[in-house]
Each structure stands twice: as C-alpha cells, then as structure tokens.
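Undergrad:
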Amino acid sequence: MTEDRLVELLDVIVMYLRYLPKCCSKLFLSSMTQYELLENVCANVRDFHGLKINGCVEYETIEYVLPQLQLMAQRVVNFCLTLLDYRLKERDELDISQFNSKLANLLMEIIPVELEVMHICSTNLIASKSAEVGCFIKKLQEASPAILRESLVHLQQHMVNAITPSTSLGNIHIMIEFLLIILTDVPKDVIRHDKLFVLLARVGALIKEVAILVRNLEENSMDEDNPLQIHLNFSSP
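Using this note's numbering, the letters of the sequence shown correspond one by one to residues 268 to 504.
#1: Run the CB neighbour count on S411, radius 10 Å, all protein chains shown included, and call it buried at 16 or more, exposed below.
#2: Please name the residue in N345, S418 and I387 whose C-alpha comes closest to that of M375.
#3: To test your reading of the DSSP string, which unbroken alpha helix (DSSP H) runs of 4 or more residues are found completely within the stretch 427 to 487?
#4: Is it buried or exposed, Q424, if we count other Cβ atoms within 10 angstroms and call 16 or more buried?
#5: Going by the beta-carbon positions, is the gap between V312 and V380 smaller than 9 Å?
#6: State the Cα-Cα distance for the pair L296 and N367, rounded to the nearest angstrom.
#7: To the nearest whole angstrom, what separates the beta carbons of E485 and I441, a pair I think is in contact under 8 Å?
#8: Where in the stretch 313 to 364 do unbroken runs of the beta strand (DSSP E), each at least 3 residues long, occur, reported from the N-terminal end onward?
#9: Can you look up M268 in the DSSP assignment and give me helix, strand or coil?
#10: So, L415 versus I479, is the Cβ gap smaller than 9 Å?
#11: As a quick exercise: from F464, V344, V427 and K369, pick the residue whose alpha carbon is nearest that of I393.
#12: Helix, strand or coil for K396, going by three-state DSSP, please let me know.
#13: Buried or exposed: where does E506 fall if 16 or more other Cβ atoms within 10 Å of its Cβ makes it buried?
#14: Taking its Cβ as the centre, do 16 or more other Cβ atoms sit within 10 Å of I448, making it buried, or is it exposed?
#15: If we ignore side chains and look at the alpha-carbon of each, how far apart do M299 and C291 end up?
#16: Please classify G471 as buried or exposed, where buried requires at least 16 neighbouring CB atoms within 10 angstroms.
#17: Once DSSP output is grouped into helix, strand and coil, what is the label at L273?
#18: Thinking just about the alpha-carbon of each residue, which of L287, L318 and Q341 is nearest to the one in C402?
#19: Please work out which residues of its chain come closer than 8 Å, Cβ to Cβ, to H386, disregarding the five sequence neighbours upstream and downstream, and give them in chain order.
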C-alpha cells in the first residue's frame, strides 16, 4: 500500500465511523461506548501518521509500525463494509450480538497498534519541541485510559471464555485487576503531564506482556484438550 493510499484510507475510515451510527442505529444500542473507543483509536492512528506526513516525525522512527497501520486500516474497512451490508440487507435485531462480537474482536486486534503508538511517543517523541507533536500527545493521553481499560476488560472476558482455569490464570487476573486500579485511581491532577503520559505508556507495555501471557496460556490449554492434534502437528512435514 502506498503512503498516499494509506493517508486517504485513514481519512475515509474516520469519516465513515462518524457516519455509520446514523444509518445503523439499532446495532449500537448496547455498544456505543466501545464504538467510540474504536473511533478514538482510528483518529489517533490517523493523526499519528499525519505527524510523519507533515514532517514532524522521521520516517525511521515509525517505519516498523507502518505495516501494522496498514493492516489495521484494512481490518477497519472490512468492519465498515460489514455494517453497510447489514444496512443494505435490513437484517433484524438478532444480528446485534454478532455486531457486538465483531466490534469486540476488532478492538482487540487494533488496540495493540495504539499501544505501539504510545510506546513510540513516550520513548522518541515526548521531548519533541514541535507544537503539533505536543498537541497529539496531549490528545493521546486524554483518550488512553479508557482505551487501556477496555483492552484489559476484553482480556479478562476472553480468559474466562477460552482458557481452562489454573493458578497461572488466577495470577494474570490479579495483574489485570492491579492495572485497572492504576488506570482508575491514578492521581491525574498531581502528576505532571509528561510523566503521566509515560506512566500510561508503561501500563500499555504491561498490557502487551499480559496479552502475550494470555495467548500462551490459551495455546497450552488447547494443546491439553487436543493431544492428538499435537501428535499430528509434529508429524507434519
């Protein structure tokens, strides 16, 4: 995907995400909060990429994350097309549960991109003298707590639904609860703006580590439930 194409696609995504609730209002009755998080993540990613386009960020600084931005854009486009398909076919309210599931899955797929953006900003851009970069980091800081909390809640729900209970799982639940407390009770009024953003970015990094642990536990749980599959996998050429 060319850079011009990515710029165009991110702009179109933000526009369509604002429009879709107006044409598919029934689907959003129980999930508007999560949908607003999706809008925030996409707007943040669009604005982050815009920093590079406007010359505020060096290409080398964000080069490694560009494929993730492209994949995220494609996933959100597919989600938008699915909603438009619902609208055109005038499906009934039974599809609300499917919509909620698709939205939850999409958030879990794209929030890691937001976490990478936070990491880049907290390590490479936090000291920038650019007013545009400063405004973006301030906006990102305001949106981040809700996005981080949503990521943790989805991780918890996924653990309950997909993984066999174990001591390791219990320890991860404790870690998630601890991070949720930090995000809820952090004294935002007494922590300097730049220090608060670094704290949030570190919480984001911890969430990435927790997500890896959850994925590993899920894979181990699936292997234990399907010993024959393990044999078949090792037997494959």
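Glycine is no exception: its CB is placed at the ideal position from the N, C-alpha and C atoms.
Note that the coordinates shown come from a computational prediction; the quantities given were computed from them, not determined experimentally.
TA: A quick look at the data gives this:
#1: Counting Cβ neighbours within 10 Å, S411 comes out buried, since at least 16 surround it.
#2: The shortest Cα separation from M375 among N345, S418 and I387 belongs to S418.
#3: Runs found: 434 to 452.
#4: Exposed, because fewer than 16 other Cβ atoms sit within 10 Å of the Cβ of Q424.
#5: Yes. Within cutoff.
#6: Between the alpha carbons of L296 and N367 lies a distance of about 10 Å.
#7: Their Cβ separation, rounded to whole angstroms, is 18 Å, which puts E485 and I441 out of contact at 8 Å.
#8: Complete beta strand (DSSP E) runs here, min 3: none at all.
#9: Looking at M268 - three-state DSSP - the assignment turns out to be coil, as it is neither helix nor strand.
#10: No, these two residues do not count as a Cβ contact at 9 Å.
#11: Ranking the options by Cα distance to I393, first place goes to F464.
#12: In the three-state reduction of the DSSP assignment, K396 falls in the coil class.
#13: Absent from the structure is residue 506, since the part of the chain shown begins at 268 and ends at 504.
#14: Classification for I448: exposed.
#15: Spanning the alpha carbons of M299 and C291 requires a straight line of approximately 12 Å.
#16: Buried, because 16 or more other Cβ atoms sit within 10 Å of the Cβ of G471.
#17: Residue state for L273 is assigned as helix, using DSSP reduced to three classes.
#18: Taking C402 as reference, the option from L287, L318 and Q341 with the minimal CA-CA separation is L318.
#19: Here the set comprises A468, G471 and A472.
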